[in-house]
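Protein chains in written order, with the numbering used here: chain A, 1 to 291; chain B, 1 to 308.
Reviewing the structure listed below.
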Amino acid sequence: MSEVALARPRNRKRFHLRNVGPKLVATLLALALAAVFLGPMYLVVITSIKSNKDFLAGPFALPSGVTFEPYRQVWQELHFGDLVGNSLLYASTGAALAVLLALVPAFALSRFDLPGKAVLFGIFLTGLMLPQQTVLIPLYATLRTLHLLDSKIGLIIVHGIYGMPAQILILRGFMTAIPSEIEKAARIEGATDFEVFWKVILPLSVPGIIVGYSLNFIAIWKEFVFGLVFLNHEANFPVTVGMLKLNSDRYMSVFNLPAAGLVISQIPIVILFILCYRKLTSGNFVGAVKG
Amino acid sequence: MAISRKQRESRSFLVFAKNHVFVTIFGVVVPVVLFLCLIGYPIVYTIYLSFFEWNGMAPVKKFVGLANYAYLTGDKYFYVALFNNLKWLVVSLIFPVTLGFLIAYAMRLRVVYFPSFLRTAVFFPVTMSLIAVGLMFLLILNPIFGAFDTLLRSLGLGFLVREWFGDFHIALYTLTVISGWAFTGLPMIFYFAGLGDVPKETIDAARIEGAGHFRMITGVALPQLRPVTAVVVMLTLFESFKAFDLVAVLTKGAPFGTTNVLGYLVYLESFWNSRFGYGATLSVAILVLSVALAALLLATVLKGAFRE
Chain A
1 MSEVALARPR
11 NRKRFHLRNV
21 GPKLVATLLA
31 LALAAVFLGP
41 MYLVVITSIK
51 SNKDFLAGPF
61 ALPSGVTFEP
71 YRQVWQELHF
81 GDLVGNSLLY
91 ASTGAALAVL
101 LALVPAFALS
111 RFDLPGKAVL
121 FGIFLTGLML
131 PQQTVLIPLY
141 ATLRTLHLLD
151 SKIGLIIVHG
161 IYGMPAQILI
171 LRGFMTAIPS
181 EIEKAARIEG
191 ATDFEVFWKV
201 ILPLSVPGII
211 VGYSLNFIAI
221 WKEFVFGLVF
231 LNHEANFPVT
241 VGMLKLNSDR
251 YMSVFNLPAA
261 GLVISQIPIV
271 ILFILCYRKL
281 TSGNFVGAVK
291 G
Chain B
1 MAISRKQRES
11 RSFLVFAKNH
21 VFVTIFGVVV
31 PVVLFLCLIG
41 YPIVYTIYLS
51 FFEWNGMAPV
61 KKFVGLANYA
71 YLTGDKYFYV
81 ALFNNLKWLV
91 VSLIFPVTLG
101 FLIAYAMRLR
111 VVYFPSFLRT
121 AVFFPVTMSL
131 IAVGLMFLLI
141 LNPIFGAFDT
151 LLRSLGLGFL
161 VREWFGDFHI
171 ALYTLTVISG
181 WAFTGLPMIF
191 YFAGLGDVPK
201 ETIDAARIEG
211 AGHFRMITGV
221 ALPQLRPVTA
231 VVVMLTLFES
241 FKAFDLVAVL
251 TKGAPFGTTN
261 VLGYLVYLES
271 FWNSRFGYGA
281 TLSVAILVLS
291 VALAALLLAT
301 VLKGAFRE
C-alpha cells in the first residue's frame, strides 16, 4: 500500500478526493451498524449501575449517580465468586488439556507424510462438527460409571477432549506454515523427531498456541450444555449454568440486578479479549480450517 | 516433508510407526484412543440406545427394535423442531453470514474509515456466552421496561411492537435474529481472512476496468472466496443444528412448543421425560440429517469448493 502511494502520489490523491463522499456515507452506515452491536452492551452496563429509582426513569435515561449495590447483591446471593472461579478453572485447565493433547497430532499431520492421514483428519473433523446433544446420554452414563459425574475433574476432562479436534486443526495450520528449511537444517544435524518437535516446531508455534488456547478458553467459558447436564451441585456450576437463576421473578423485577450479573460474567473474557485482541480478530487461525 | 523418498514409497503405517515412535504414540495412538473413548464410543452407543426403551435408571434396557423410529416419524414435535432448525439455518445464512461478508468486504477494500472499530464491535458478541446474550435480550426486549420497544415507540413505530417471545408467529425468528447478532463476527472473520488472500492485482485490475462494488463482489470476491464460503456454510449448518442455549434460557420451547429445536427436544425427552431411548433416536436423527444436508450442499451448490 505505502509503496504504491510513494510511486504515484498524485494519482492516489485524486482517487482519494473523488471517493471521500461515498466513503463518509459508508462510514456513517458502519457506525450505525456498530451501534447495533455495541448498543445492547452499553445499555446493560448503564442499567447495571443504576439505582432502583433511576431504573424506573427508562432504559435510555442516564443514571443520576453510580451505584455498585446491584453488583454487591448478585455477587453475594448467586455466589458469583464461586461461579467465576469454577469457570476460570474449567476454561484454563480444559483449554490447556486440549492444546497439550493436540500438539503432537498437529505436528504429525503437518510435518509428516503420515499413511492414513486423510482418515485421521476425517476422524478429527467429525469431532469438530458433532452436535453435543447427540452424545449427552452416553457421556452421562460413562461419567457415572467412572464416578466423574458432578465432579470438576470429569468436566475438565470432557472439555479437554472435546476441545482437542479444533486445536489440532488450528495448530496444524500454524505448523504447516513453518518453513521446511528450518526443520531440514535440524535433521541434517541428526535431530530426532522429538528434538525437531521440542526444539524447532514447538518454539515457533507459540503464536498458534496462544490463539488456539484463547479460542478454546472462550469456548469453554461460553459452554452451557455439558455443565447443565453433568453437574448437580451448585458448588460445581460454571457461570453459564449458575447465572440462569437471574432469569427468575426474584431478579427480573428490577433490571439492574441481572444486568450486573451479566457484566460480571463477561469481565474475564473482556480482559482476555483486550490481551489477545489483535491475534483473535486478524483471522490468522482461519487458515487452519481452510485446509 | 521431512521424509526421504524411500520412506514415502513405503506407505505402510507400521513402517512409519517403527521409524517414528514418538510421533506415532503421542500424535496418533493417544489422541485416537481418547477420541474413540469419549467421542466415538458415545456416538456408537447413542445409535445402539436408539433401539431400546430406557428410563435412565433401570438396570435392564428393553429392546424395542425400530419402534422409536416409527414413533419419530409420527411425532409432530419432531417435525416442528426440525423445521425450526431449518428456519434457523436459513435465517443464519441470510442475516449473519451475508452481513459478515459485507462487513469484511467493506473493511478489506477500505470502503469505510476506521474499519477496525467496526470489526471489534461486531466480533465482541462472539466471545459472549449465549446464556449472557439471551439474558441481555430478555432485558432489552421486555414489553414494559425494554429498550427496544421504547425506541420503536419514540420513533413513531409503536405499531411494530410485538410480544417478541410470546407471539408464536415470531418467537422463533426473535431467537434466530438474536443468535445471528451473536454469530455475525464469525463469518466476518473468516471472510476477512479470506479476502486478505485474494491477490491485490486481481482487485486492482477489476477496479481499473471500472467495476463497481456489485461487480466486484459477484465477479471477483465471491468466486475467489468459494472455499471460505464452503467452510462458513458448513459451520453455520452445524451451529444451526446445535441450537440449544438460547432456547433453554429464553423460551424453553414455549409458546406451545413452537420454538422447540431438535437439540432441546433431545434434552427434554431424555432428562425431563426420562425417555433416553427416544432421546437417542432424536440424536441419531440430528446427526443423520445434518450430515446428509452437509453432503447435499457440498455435492450441489458448493461443488468442488474444497478442492480449489
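Idealized CB from N, CA, C, for every residue including glycine.
Every value quoted in this text rests on a predicted model; they were computed, and no experiment measured them.
Phe60(A): which of Thr176(A), Asp113(A), Val74(A) and Gly39(A) sits nearest, CA to CA? Taking the Cα of Phe60(A) as reference, the smallest distance to any Cα among Thr176(A), Asp113(A), Val74(A) and Gly39(A) is reached at Gly39(A).
Point to revise | Per-residue DSSP class, three states only, for Lys62(B) | key: In the structure shown, Lys62(B) adopts extended strand secondary structure according to DSSP, grouped into three states.
- Taking buried to mean at least 16 other C-beta atoms within 10 Å of its own C-beta, is Ala185(A) buried or exposed? Counting Cβ neighbours within 10 Å, Ala185(A) comes out exposed, since fewer than 16 surround it.
> Does the pairing of the region 191-205 of chain B with the region 103-111 of chain B give three or more beta-carbon distances under 8 Å?
Replying inline: Segments in contact, yes.
Short CB-CB distance (under 8 Å) between Ile39(B) and chain A: Chain A, which has a Cβ nearer than 8 Å to the Cβ of Ile39(B), makes this yes.
Start-end ranges of the alpha helix (DSSP H) lying completely within the region 77-126 of chain A, minimum 4 residues | Fully enclosed alpha helix (DSSP H) runs of no fewer than 4 residues occupy 80-111 of the region 77-126 of chain A, in order along the chain.
Determine the DSSP secondary structure at Gly291(A), reduced to helix, strand or coil. Per-residue confidence for Gly291(A) stands at a pLDDT of 40, beneath the threshold of 50, marking its modelled position as unreliable; the derived number appears in the next sentence. Reduced to three states, the DSSP call for Gly291(A) is coil.
Output the distance between the C-alpha atoms of Ala191(A) and Glu183(A), rounded to the nearest integer angstrom.
-> Those two C-alpha atoms are separated by around 9 Å.
| said: Strictly under 8 Å for the Cβ-Cβ distance: is Met216(B) near chain A by that measure? | reply: Answer no: the Cβ-Cβ gap between Met216(B) and chain A never drops below 8 Å.
**Item:** Whole-angstrom C-beta distance between Leu155(A) and Gln231(A), which should lie under 8 Å
**Value:** A small correction: the amino acid at residue 231(A) is Leu; Gln does not occupy that position in the sequence shown. That belief holds up - the Cβ atoms of Leu231(A) and Leu155(A) are roughly 7 Å apart, short of 8 Å.
With H, G and I counted as helix, E and B as strand and the rest as coil, what does DSSP make of Phe83(B)? DSSP places Phe83(B) in helix when its eight states are reduced to three.
### Message
Quick check: Met164(A) and Leu101(A), are their CB atoms within less than 8 Å of each other?
### Response
Annotated as proximal: Met164(A) and Leu101(A), with beta-carbon spacing under 8 Å.
Should Gln76(A) be labelled buried (16 or more other beta-carbon atoms within 10 Å of its own) or exposed?
-> Gln76(A) comes out exposed.
- Query: DSSP state of Phe101(B), grouped into three classes?
  - Reply: Helix.
(Q) Suppose you measure from the CA of Val84(A) to the CA of Tyr140(A); what does that come to, to the nearest Å? (A) Looking at the backbone, the Cα of Val84(A) and that of Tyr140(A) are separated by about 24 Å.
To the nearest angstrom, report how far apart Pro115(B) and Phe101(B) are at their CA atoms. When rounded, the distance between both Cα atoms is 14 Å.
Please list, in chain order, all residues of the same chain as Thr258(B) whose beta carbon is under 7 Å from its beta carbon, the five residues on each side excluded. Val80, Phe168, Ala171 and Leu172.
Residues of chain A with CB closer than 8 Å to the CB of Met128(B), please, in chain order.
Chain A residues near Met128(B): Lys222, Gln266 and Ile269.
TODO: Could you tell me if Ser248(A) is buried or exposed, where buried requires 16 or more neighbouring beta carbons within 10 angstroms of its beta carbon?
DONE: Burial is judged here by how many other beta carbons sit within 10 angstroms of a residue's own beta carbon; Ser248(A) has fewer than 16 and is exposed.
Check: Can the beta-carbon of Phe241(B) be found closer than 8 Å to that of Phe255(A)?
Finding: Not closer than 8 Å, so no.
Going by CA-CA distance only, name the one from Val229(A), Ala34(A), Phe197(A) and Pro258(A) that's closest to Thr142(A). Comparing Cα positions, the closest option is Val229(A).
| request: Using three-state DSSP, classify Phe52(B) as helix, strand or coil. | output: Strand at Phe52(B).
Interface flag, Thr93(A) vs chain B, CB-CB below 8 Å:
False, the Cβ-Cβ gap to chain B never drops below 8 Å.
Legend entry - C-beta neighbour in chain A for Leu34(B), strict 8 Å: Leu34(B) counts as touching chain A.
If Phe107(A) sits next to Ile209(A), beta carbons under 8 Å apart, how far is it from one beta carbon to the other, in whole angstroms? Incorrect: roughly 12 Å between the Cβ atoms, too far for contact.
Would you identify the three-state DSSP class for Ala384(B), choosing helix, strand or coil?
Missing from the structure shown is residue 384(B); chain B here goes from 1 to 308 and no further.
Note to self: Checking 8 Å against the spacing of the C-beta atoms, do Asn68(B) and Tyr264(B) come in under that value?
What the structure shows: Against a cut-off of 8 Å, the Cβ pair of Tyr264(B) and Asn68(B) comes out as no contact.
- Return no unless some Cβ of chain B is closer than 8 Å to the Cβ of Thr240(A). Closer than 8 Å to some Cβ of chain B, the Cβ of Thr240(A) qualifies, so yes.
If you measure beta-carbon to beta-carbon, which residues of the region 144-167 of chain B are closer than 8 Å to chain A? The residues in question are Phe145, Gly146, Ala147, Thr150 and Leu151.
* Asked: Beta-carbon of Val23(B) versus every beta-carbon of chain A: anything under 8 Å?
  -> True, the Cβ-Cβ gap to chain A drops below 8 Å.
Considering only the alpha carbon of each residue, which of Pro138(A), Ile123(A), Phe68(A) and Ala95(A) lies closest to Ala280(B)? Among Pro138(A), Ile123(A), Phe68(A) and Ala95(A), the Cα nearest to that of Ala280(B) belongs to Pro138(A).
To which residues of the same chain is Met1(A) closer than 7 Å at the C-beta, ignoring the five residues directly before and after it? For Met1(A), the pLDDT reaches just 40, beneath the cut-off of 50, and the residue's location in the model is therefore unreliable, although a value from the coordinates is still provided. If we look at Met1(A) and ignore the five residues flanking it on each side, it has no Cβ neighbours.
Within-8 Å CB hit, Ala132(B) to chain A: Yes - at least one Cβ of chain A is within 8 Å of the one on Ala132(B).
Step through the CB atoms of chain A and report whether any lies within less than 8 Å of the CB of Ile140(B). Chain A contact via Cβ: present.
Between the CA atoms of Phe183(B) and Val301(B) - distance to the nearest angstrom: Roughly 22 Å separates the two Cα atoms.
Point to revise | Presumed contact (8 Å Cβ cut-off) between Ala260(A) and Val74(A), rounded CB distance | key: Contact holds; Cβ gap of about 5 Å.
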